[in-house]
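Comments concern the structure below.
Residue numbers (full-length UniProt numbering): 1 to 88.
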């Protein structure tokens, strides 16, 4: 499965979505920084691949959500996941 690394992280957190969401947020920040700050084109291409991979994992999770799924805090999961997409 092409998106197994970030998804495997969720299983390593024993299905703890809060920790996984936090991890995805840190991953997003790392990739955005790499895309913005790397002067090397080869390294930027690698960050671009990571961006596409990250967004594919996010999109896969959005596609698999139950309609209207909410977090324990009452926020829509879809909104939370969309905020984790890398748009840079």
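Don't be surprised by glycine CBs; every beta carbon is placed ideally from N, CA and C.
Since we're looking at a predicted model, the values are computed, not measured.
Practice prompt. Might you give, ordered along the chain, the residues of its own chain that have their beta carbon closer than 7 angstroms to the beta carbon of residue 36, omitting 5 neighbours on each side?
Written response: Translated into the one-based positions of the chain shown, residue 36 becomes position 36. Counting only Cβ-Cβ distances below 7 angstroms, and skipping sequence neighbours, we find 88.
Worksheet item: So is residue 80 buried or exposed if we call it buried at 16+ other beta carbons inside 10 Å?
Response: Your numbering for residue 80 matches position 80 in the chain shown. Answer is buried; the Cβ neighbour count reaches 16.
Discussion item. Does residue 1 come out as helix, strand or coil in the three-state DSSP assignment?
Written reply: In the chain shown, counting from the first residue as 1, residue 1 sits at position 1. Low confidence applies here, because residue 1 scores a pLDDT of 47, under 50, leaving its location unreliable and the question unanswered by this model.
Worksheet item: Is it right to say residue 61 is buried, meaning 16 or more other beta carbons lie within 10 angstroms of its own, or is it exposed?
Response: To locate residue 61, count along the chain shown from 1; it is residue 61. Classification of residue 61: buried, given that the 10 Å Cβ count is 16 or more.
Worksheet entry | 7 angstroms Cβ cutoff, residue 31 in contact with chain B | Considering every chain present, this structure includes no chain B. It has just one protein chain.
Discussion item. Do residue 65 and residue 28 have their beta-carbon atoms positioned less than 7 angstroms apart in this structure?
Written reply: As a position in the chain shown, residue 28 is number 28, starting the count at 1. As a position in the chain shown, residue 65 is number 65, starting the count at 1. Their beta carbons are not under 7 angstroms apart, which means residue 28 does not touch residue 65 by this criterion.
Item to complete: Please say whether residue 21 and residue 54 have beta carbons closer to each other than 7 angstroms?
Response: For the purposes of this step, residue 54 is identified with residue 54 of the chain shown, where counting begins at 1. For the purposes of this step, residue 21 is identified with residue 21 of the chain shown, where counting begins at 1. No, they are not a contact pair.
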